[in-house]
Each structure stands twice: as C-alpha cells, then as structure tokens.
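**Student:** Going down the list, the sequences are from chains A and B.
Residue 156 is where the first sequence starts when you use the working numbering, and the numbers rise one by one after that.
Residue 15 is where the second sequence starts when you use the working numbering, and the numbers rise one by one after that.
Sharing a structure below in structure tokens format, with a few things to ask.
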Amino acid sequence: MSIVVTSPNSSHPSTIEYNSLVTYHLTQAIARKYGDLYGYQ
Amino acid sequence: MTKRKRNYEIIINKRFILLMILIIFLFSLVVIKYIDVMLINNKKYKESLSVLNYSEVNGASSPRGRIYDRNYNIIVDNKSLKIITYQKSKKTSSKEMIDSAKLLSEHISIDYNKLTNRNKKEYLCAKEKDYCSSLINKKDKEKLEQRKINQKDIYELKMERIPDEKIDFSDEEKKVAYIYYLMNKGYTYEEKTIKSDVTDEEYAYVSENSNLLPGFNTKIDWERVYPYGDVFKTILGKVSSSQQGIPKEEKEYYLSKGYSLNDRVGISYLEKEYEEYLHGEKAKYEVVNSHEMKLVKEGLRGKDIVLSIDINLQKDVEEIISEYVRNTKGEPNTEYYDHSTVIIQDPNTGEILAMASKRLVDGEIVDNTTSILTSPIMPGSVVKGASMLVGYNTGAVHIGETMLDECVKVAGVQEKCSSVDNLGVINDITALAKSSNVYQFKIAIRVNGQEYRRDMKMNFNQNSFDTYRKMYRSFGLGEKTGIDLPVESNGYTSKDKAAGNLLDYVMGQYETYTPIQLSQYISTIANGGERLEPHLLKEIHSSSQTDEIGVLEQKKERKKLNNINTQEKYINRVKEGFIAVTNSPGGYGVGYMDSWMKPAGKTGTSQRLLLDTLHMIIQK
C-alpha cells in the first residue's frame with residue numbers, strides 16, 4: 156500500500172527540523188490506523 | 015358554314031372524351047388508394063396515424079443510484095420528500111394559471127427570494143395583457159409588419175418598457191409571481207416541481223383540492239442523504255435541485271442526451287463523473303387528451319456504484335489530520351503552516367482507499383481534499399528515485415558506484431550541499447537513504463555531457479532538461495493522472511532556461527506537482543514500473559428497487575497508462591534505496607513507520623523560503 160503525506164509550509168526556514176516532525180507524527184498515526192484496520196500483512 | 019360547325023362538334027367531342035378519360039383515371043387512382051388504405055395496408059396506416067398522434071411526457075425525476083464504499087457500506091442514499099408538482103395541459107390559459115397560482119399561494123409557504131425583475135415583468139404581462147400591448151407603439155407595429163422585427167423582439171420591447179414602479183409588488187403578489195414562474199419554467203408540458211419537502215397540511219390541501227388546482231399534483235420525491243455525515247462529502251459531489259436543473263454551461267450536452275431543463279443532475283466530483291450510471295429513469299406518460307395521461311413506463315432508480323474508498327479508514331484519516339493540523343498550529347514557528355494531506359492507494363490496482371486534506375481557516379478546520387487534485391506543491395527530494403533512473407538509463411551512474419558527497423560550486427550558482435554535514439564517499443543506495451543532493455548533482459552534470467570540477471561553467475543543454483522531464487512525465491509528474499474526477503490540474507512546468515536550474519530540477523526544487531501525481535509516482539515505483547490510473551470507482555451494479563444493492567454489472571479494471579522506460583534491475587535498485595531510507599541506520603525516513611511493517615519510502619523538503627514538506631511511505 157502506498158501512503159503519501161504532505162504538510163506544506165509547516166515550518167519556518169530556521170527550524171527545518173520541526174517541519175519533519177509534523178509529517179513524521181502524522182505518518183506514524185496514519186500508518187498505525189491502517190495497520191489496525193487491515194492488519195500488517 | 016355547316017362543315018365548319020361539324021368540325022367544332024368533332025373537336026368538342028374529342029375534348030370531352032379526353033376529359034372523361036382523365037376523370038376516370040384520377041377516380042381510379044382515388045379508388046386504388048382507398049382500397050390500399052382501407053383493405054390492403056390498413057394496419058400500417060393505423061400505426062402511422064397513432065405515431066403521429068402519440069405524445070409522451072416525462073414524470074418527476076426518479077431517485078439516483080446509491081453510492082457504497084468498498085465494504086458495501088452505504089455512503090450516499092436517498093430520502094423521500096413530499097413535493098407539489100405542476101403539469102400544464104394544452105388548453106390551460108395564462109389567466110387560469112394565474113388564478114391557480116394565487117389560490118395555491120394562499121395555502122403554502124414558499125421562499126420567493128430568487129424571484130427576479132424579469133420574472134415579475136413576465137408575470138405582469140401574462141396578467142395585464144392590454145397594458146403590455148399598450149407599450150408597443152405604431153412604429154414598432156409597422157416594423158413588425160415590414161418584418162424588420164419579429165414577435166420575440168416585440169416581447170423584449172415590452173419587457174424593457176415596463177417601469178420599475180409597475181413591478182413594485184406586495185409580498186403576496188411576489189409569492190403568486192414566483193409560483194407562476196415555477197409553473198412556466200422549463201419545457202411547457204413537462205412536469206415541474208413547485209415546492210419540495212412540503213408540510214403534511216400543504217400536501218393534504220393540494221391532494222384534496224385537485225379540482226380547484228388543475229395541473230397541480232402531490233408526489234414523493236427524493237434528496238441525497240449521507241449516513242457518514244461530512245466524511246468524504248466534498249469528493250462525493252453535489253446534485254442540482256429541480257429549480258437549478260441542468261447547468262447552463264452544459265445545456266446542449268444534456269439536452270442531446272435526452273435530459274429536460276429542470277432535471278436533477280450531478281454537478282460536481284463523483285456525482286458528476288458517474289452521472290450516466292447514477293441518474294434515475296423518469297416515468298413516462300402518454301398524453302391521451304388535454305386532461306388525461308396514461309402511465310407508459312414506471313420510473314427507475316439509478317444504478318448503484320461501489321467506490322474503492324474504505325469509509326471507516328477515510329473517517330479515521332480525516333479525524334487524524336484534523337487533530338494534527340489543529341495541534342500543530344499550537345506549536346512555535348508554524349505561522350505559515352495551515353494544512354496537511356494524506357492519500358492511501360493500492361499501487362497494484364490504482365484503487366484509492368482514502369484521500370483527505372484538512373486546512374485551518376480562522377481557527378476552524380475545513381475540508382481541503384480537492385487540493386489533492388488541483389494544488390501543486392514543490393515535491394523536494396522525493397523525485398530522486400526518478401532522477402536516479404535517468405542516471406542509470408543514460409550511463410551517467412552505475413549500480414553501486416561511489417561518489418564524494420561534498421559541497422558543489424558551479425560558476426554563477428550559489429554553492430549547494432546535501433545537508434549541514436557532507437556525507438563523504440557514498441554509493442547510490444546511501445545517496446537515496448540520506449537524500450544526497452550532491453550525488454544527484456554530479457549525475458546531472460554527467461547527463462549534461464560534462465564532469466564536475468569546482469567552479470566549472472555548466473553549459474545549458476535543453477536535451478538534459480528534456481531527458482529528466484521525460485522520465486518524470488512517465489511517472490505522471492506534471493501529467494494528469496487520469497483519476498476519475500472531473501477536475502484535475504497538470505502541476506506547474508517551469509520554463510526558466512538557465513543551466514544551473516538543472517541542479518534544482520533533479521532534487522525536486524524546480525517544478526511543482528499535485529499530491530495525486532506524487533501518489534501515482536510512488537505507486538509506480540512500488541509496483542515495479544507500471545504507471546496505473548488512480549481511481550475511486552470499483553464496481554457498477556444494476557438499478558435496484560429494494561434495500562439491497564443491485565446485481566453486479568461491471569468491475570473497474572486496472573488501467574495501465576505506460577511502463578517506465580528502464581530496466582528491471584534499475585527500478586529494483588531504486589526500491590532497495592527506498593527501503594534503506596526507512597530501515598538503514600541514518601536513513602532519513604527511519605521511524606516514520608514501525609520496522610515490523612516493512613516500510614519503504616522517500617522523504618522530501620522544499621528549500622524555498624516557505625518550506626514544504628512531503629513524505630512517502632510504501633508498505634512492502
């Protein structure tokens with residue numbers, strides 16, 4: 156299954172690490188929800 | 015003299031005989047035709063006569079087909095509504111219509127806010143014919159006689175010349191005028207909906223007083239209902255009301271398909287895309303005489319469709335995005351952040367299981383899902399899988415080749431590095447895992463026909479751009495994906511011609527693509543190089559008159575748009591690199607998904623002033 160997650164403009168240039176965190180946590184949550192519903196085959 | 019007289023008699027006799035022969039011949043023709051009509055082909059002529067006399071009209075619209083999710087949960091259904099309709103008969107006069115409208119207006123409530131000045135003027139001219147005729151002067155009549163203008167022009171002149179004070183109606187008059195307008199909307203003898211969702215009292219009044227309200231009737235109509243509320247509602251689309259009818263801009267198209275002006279049709283997204291299956295078939299009536307009609311064919315609900323969407327997954331995805339968007343705005347340095355987007359797609363079939371985007375507007379979460387199709391974003395490094403394939407295909411890089419990740423300086427272009435720290439000597443897998451820009455730069459310079467050295471001058475070579483563009487396009491980046499929705503954008507193709515832009519291009523900082531294009535791209539890598547059409551439709555079922563779904567008629571087949579022009583070993587190498595992104599130590603995607611889910615993927619970040627972020631994960 157392919158999962159695409161985008162979070163444009165999610166951070167100020169000086170805090171480049173932060174913008175990764177938004178999508179990072181969102182991706183984790185979505186992937187786990189998919190796993191809950193469909194199993195992890 | 016006698017001889018002359020005799021000659022005259024002979025001539026007259028001959029003429030008489032000729033005339034008699036002619037009369038007998040013509041009479042014979044009539045007799046033959048009579049025998050043909052009455053005896054030989056009597057059946058055929060009777061049939062022709064009945065065809066000529068036959069007149070058929072449509073009844074009120076039938077309910078649309080239902081929409082199900084992939085697990086056969088109903089996500090769009092119909093609810094019955096009580097309605098009042100009107101159908102004009104051939105002998106009804108304008109005065110009778112106005113009298114009926116007036117009587118009805120005294121017994122129903124109706125919102126007449128949409129009544130226009132034009133509607134008022136038309137009502138006035140129907141009510142006060144003499145007054146409107148007085149607005150036409152002698153010169154106008156002369157022009158009409160001379161055929162310089164026609165009756166339509168005369169009518170328009172009347173409309174123009176009615177002063178505003180003449181249509182300054184009371185509320186009661188406006189109500190009558192609006193009902194009269196609804197009675198005349200669309201085709202003359204078609205059935206029109208005057209009011210939907212009427213009260214029991216209104217319904218009972220019209221039902222019991224049909225003798226006082228000729229042409230008016232009560233019926234049960236329908237409206238769309240959504241058992242899952244607003245979940246996926248934007249993409250499910252909308253249906254026009256009877257008052258809206260078919261869209262003006264598509265009038266010719268729908269009329270050519272046999273629709274009527276006041277027919278209810280899908281006007282956006284899936285309701286529009288699958289109108290041909292979802293719309294119901296209206297009942298048909300034969301006009302027996304001016305006061306009688308006979309039902310010829312019962313109305314039929316539209317066909318049911320099944321989507322690839324899992325509505326429960328969709329609901330959870332929407333809730334999760336909403337929660338994250340709201341919470342993220344509470345964090346520091348997020349003044350420019352306002353939305354996130356998720357697409358979950360089966361890369362082997364093209365089926366979309368969930369797609370959602372939520373945006374924060376004035377503190378409220380609003381649906382933004384259509385941006386998946388229409389709003390391009392800077393992709394960042396996610397395109398490096400396609401960029402690497404260009405390197406392999408052109409021989410600019412070989413599988414396993416190592417290069418030094420160092421800051422690259424080209425004349426006239428600002429120094430470019432991979433990240434804060436140089437990555438040292440790396441191979442193609444590590445280059446993808448740690449998203450090395452420099453590895454891609456050095457490949458691009460070779461594709462451009464040069465070899466990197468510090469402060470080198472890079473030549474502009476259109477072929478290099480074209481080579482990369484061709485590869486990106488074959489993945490659907492910058493091309494319409496073919497998703498089964500009526501709206502989709504191409505993304506943005508830059509035309510800025512500077513040699514240094516090639517370096518931006520290969521690391522995803524030059525063109526913009528829509529999220530659905532990115533989903534098609536990552537799916538194509540995941541399935542080994544087949545670019546498939548993403549789609550929301552899964553099945554079409556026959557019209558059902560029960561609560562059960564109809565019989566399966568058609569399954570949506572996977573549609574391959576093209577293969578990626580590369581070798582299997584190269585695309586497998588890119589997949590290996592994507593696995594390293596999420597699994598190898600130092601990989602930029604480690605932790606996005608739990609390792610026991612066997613993830614693979616690619617991260618990307620735009621380097622513009624306002625940062626875009628984007629991440630893709632593929633479950634193996």
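Glycine included, C-beta positions come from ideal geometry on N, C-alpha and C.
Remember, predicted model here, so these are calculated numbers, not experimental data.
Using C-beta distances below 7 Å, list every residue in its chain close to LEU129 of chain B, excluding the 5 sequence neighbours before and after it, in chain order.
**Tutor:** LYS188, ALA191, TYR192, TYR195
**Student:** Is it the case that the region 464-471 of chain B contacts the region 371-388 of chain B, given that we only count it when at least three CB pairs across the two stretches are under 8 Å?
**Tutor:** no
**Student:** Taking the C-alpha atoms as reference points, what is the distance between GLY190 of chain A and ALA447 of chain B?
**Tutor:** 24 Å
**Student:** Excluding sequence positions up to five away, which residues of its chain have a Cβ less than 7 Å from the Cβ of LYS247 of chain B?
**Tutor:** TYR240, listed in sequence order.
**Student:** Kindly list the residues whose CB is nearer than 6 Å to the CB of ALA400 of chain B, restricted to its own chain and excluding five residues on each side of it in sequence; keep chain order.
**Tutor:** MET485, TYR486, PHE489
**Student:** Counting only runs of 4+ residues fully inside the region 459-532 of chain B, write out the alpha helix (DSSP H) ranges in chain order.
**Tutor:** 476-488, 515-520
**Student:** How would you write the range of the alpha helix (DSSP H) that MET635 of chain B sits in, first residue to last?
**Tutor:** In the structure as shown, chain B starts at 15 and stops at 634, and residue 635 of chain B therefore has no counterpart that could be examined.
**Student:** Check VAL439 of chain B in the structure and name its three-state DSSP category.
**Tutor:** VAL439 of chain B: strand per DSSP, three-state reduction.
**Student:** In chain A, which residues lie with their C-beta within 7 Å of the C-beta of SER450 of chain B?
**Tutor:** Residues of chain A passing the Cβ test: none, with the nearest at roughly 17 Å.
**Student:** If the cut is a Cβ gap below 9 Å, which residues of chain A does ASP178 of chain B touch?
**Tutor:** Simply none; closest approach about 51 Å.
**Student:** Counting along the chain, where does the alpha helix (DSSP H) carrying MET197 of chain B start and finish?
**Tutor:** 185-198
**Student:** Looking at the structure shown, is LEU624 of chain B part of a helix, part of a strand, or coil, going by DSSP?
**Tutor:** Any answer about LEU624 of chain B is weak, because its pLDDT of 35 lies below 50 and its placement is not dependable; what the coordinates show is given next. LEU624 of chain B: coil per DSSP, three-state reduction.
**Student:** Can a CB atom of chain A be found closer than 9 Å to the CB of ILE334 of chain B?
**Tutor:** At least one chain A Cβ lies under 9 Å of ILE334 of chain B.
**Student:** Start and end of the alpha helix (DSSP H) containing ARG109 of chain B?
**Tutor:** Sequence inspection shows Lys at residue 109 of chain B; the Arg mentioned does not correspond to that position. Where LYS109 of chain B is concerned, the enclosing alpha helix (DSSP H) stretches over 108-119.
**Student:** Mind pulling the chain A residues with CB within less than 9 Å of ASN326 of chain B?
**Tutor:** LEU192
**Student:** So, at 6 Å on beta carbons, what are the nonlocal neighbours of GLY426 of chain B in its own chain, with the 5 sequence-adjacent residues on each side left out?
**Tutor:** none
**Student:** Taking a contact to mean a Cβ-Cβ separation below 9 Å, would you say GLY316 of chain B touches TYR291 of chain B in this structure?
**Tutor:** yes
**Student:** Around the Cβ of MET111 of chain B, are there at least 16 other Cβ atoms within 10 angstroms (buried) or fewer (exposed)?
**Tutor:** buried
**Student:** Nearest to GLY294 of chain B by CA position, among B:GLY313, B:TYR527, B:ILE281, is which residue?
**Tutor:** B:GLY313
**Student:** Give a yes or no on whether the C-beta atoms belonging to THR580 of chain B and SER449 of chain B are separated by under 9 Å.
**Tutor:** No; because the gap between Cβ atoms is not below 9 Å, this pair is not in contact.
**Student:** Can you tell me whether ASN504 of chain B is buried or exposed? The criterion is at least 16 other CB atoms within 10 Å of its CB, across all chains shown.
**Tutor:** A residue is called buried when at least 16 other Cβ atoms come within 10 angstroms of its Cβ; ASN504 of chain B does not meet this threshold and is exposed.
**Student:** Where does PRO529 of chain B land, buried or exposed, given buried means 16+ other C-beta within 10 angstroms?
**Tutor:** Buried: at least 16 other Cβ atoms inside 10 Å.
**Student:** Could you check the C-alpha separation between LYS60 of chain B and ASP50 of chain B for me, to the nearest Å?
**Tutor:** 12 Å
**Student:** For a cutoff of 9 Å on Cβ pairs, would you count VAL588 of chain B as touching chain A?
**Tutor:** no
**Student:** Could you work out which residues of chain A lie near ASP330 of chain B, taking near to mean beta carbons separated by less than 7 Å?
**Tutor:** LYS188
**Student:** Under 8 Å: do the region 363-382 of chain B and the region 408-426 of chain B share three or more Cβ pairs, one atom per stretch?
**Tutor:** Under the three-pair Cβ rule at 8 Å, the region 363-382 of chain B does not count as touching the region 408-426 of chain B.
**Student:** Could you name each continuous beta strand (DSSP E) segment of 3 residues or more that falls completely within the region 382-409 of chain B, going from the start of the chain to the end?
**Tutor:** Counting only runs of 3 or more, we get nothing.
**Student:** Could you tell me which uninterrupted beta strand (DSSP E) segments, each at least 3 residues in length, are contained entirely in the region 34-103 of chain B, listed from first to last along the chain?
**Tutor:** When DSSP assignments are scanned along the region 34-103 of chain B, the uninterrupted stretches of beta strand (DSSP E) that are 3 or more residues long and fall wholly within it turn out to be 70-72, 88-100.
**Student:** Would LYS102 of chain B pass as an interface residue toward chain A - the criterion being a Cβ-Cβ separation below 9 Å?
**Tutor:** no
**Student:** Against ILE536 of chain B, what residues of chain A qualify as contacts under a CB-to-CB distance less than 9 Å, listed in chain order?
**Tutor:** SER157, ILE158, VAL159
**Student:** For GLN359 of chain B, decide whether its Cβ has a neighbour in chain A, counting only Cβ atoms nearer than 9 Å.
**Tutor:** yes
**Student:** Would you kindly work out how many angstroms separate the C-alpha atoms of LYS28 of chain B and LYS19 of chain B, rounded to a whole number?
**Tutor:** 14 Å
**Student:** Mind checking THR495 of chain B: buried by the 16 CB within 10 Å criterion, or exposed?
**Tutor:** buried
**Student:** List the residues of chain A that SER533 of chain B touches, going by C-beta distances under 7 Å, in chain order.
**Tutor:** SER157, VAL159
**Student:** Quick one: does ILE281 of chain B have its CB under 9 Å from some CB of chain A?
**Tutor:** no
**Student:** Under 9 Å, do SER533 of chain B and VAL159 of chain A count as touching if we go by C-beta distance?
**Tutor:** yes
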